[in-house]
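A.B. asks:
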Amino acid sequence: ANLDKVELTPTAAVLPGQADSQFKVVVSDAISGAGAKVLDAGGKRFCNEMASSKERVDAMAKSKGPFRLVIKAKQAQSVQWLVDFYTQRKVMKKYSSARELASEMRV
C-alpha cells in the first residue's frame, strides 16, 4: 500500500455527547477558506488554516485541544448553506459575541 499518498484531514467534529463514538463529521475546508480560524483550548490561533493538512495535523499534535473552528457571521455568508447544515446537526453553534464563546471556553 502507498500510504505516503494518504492525506490526513484534521477538521473532523465530535458530536455533542458522543465523544467516545467512532463516528465523526468531517467539516468542509470551505469553512476555513471563507475565513474560519482554528483555536486551541486556550482560545489561541495556533496554525495557518490554509496550510496543508499535514501542517495543520502537526500543529494540532503540538497544541492542546479541544479545538474549535470559529468564523465570523459576515465571513460565513459565502458558505451559509454549510453553516446551516452543520448548525442543524449540532456540529456548529452560533454565539452572539466573541465574549460569549470565550465564556463557554473558560478563557
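Counting in the numbering used here, the sequence shown runs from 22 upward without gaps. Where a beta carbon is used, it is the ideal one built from N, C-alpha and C, also for glycine. Please read all numbers here as calculations on a predicted model, not as lab measurements.
Would you list, in sequence order, the uninterrupted beta strand (DSSP E) runs of no fewer than 3 residues that lie entirely inside the segment 37-67?
C.D. replies: Here the runs fully enclosed are 58-60.
A.B. asks: I need the straight-line Cα distance from residue 42 to residue 86, nearest angstrom please.
C.D. replies: Along the sequence shown, read from residue 1 onward, the residue named residue 42 stands at position 21. Along the sequence shown, read from residue 1 onward, the residue named residue 86 stands at position 65. So the two alpha carbons sit approximately 17 Å from each other.
A.B. asks: Thinking residue 57 and residue 99 are a contact (beta carbons under 8 Å), I'd like their distance in whole angstroms, please.
C.D. replies: Translated into positions along the sequence shown, residue 57 becomes position 36. Translated into positions along the sequence shown, residue 99 becomes position 78. Not confirmed; about 11 Å, so no contact.
A.B. asks: By how many angstroms is the C-alpha of residue 36 removed from the C-alpha of residue 59?
C.D. replies: Your numbering for residue 59 matches position 38 in the sequence shown. Your numbering for residue 36 matches position 15 in the sequence shown. Roughly 17 Å between the two C-alpha positions.
A.B. asks: Have a look at residue 47 and residue 32 and give me their C-alpha separation to the nearest angstrom.
C.D. replies: For this step, residue 47 is matched to residue 26 along the sequence shown. For this step, residue 32 is matched to residue 11 along the sequence shown. Answer to the nearest angstrom: the Cα atoms are 6 Å apart.
A.B. asks: Roughly how many whole angstroms lie between the Cα atoms of residue 61 and residue 50?
C.D. replies: Locating residue 61 in the sequence shown gives position 40, where the first residue counts as 1. Locating residue 50 in the sequence shown gives position 29, where the first residue counts as 1. In a straight line, the C-alpha of residue 61 is about 18 Å away from that of residue 50.
A.B. asks: Tell me the rounded alpha-carbon separation between residue 126 and residue 120.
C.D. replies: Here residue 126 refers to the residue found at position 105 of the sequence shown. Here residue 120 refers to the residue found at position 99 of the sequence shown. Approximately 10 Å between the Cα atoms of the pair.
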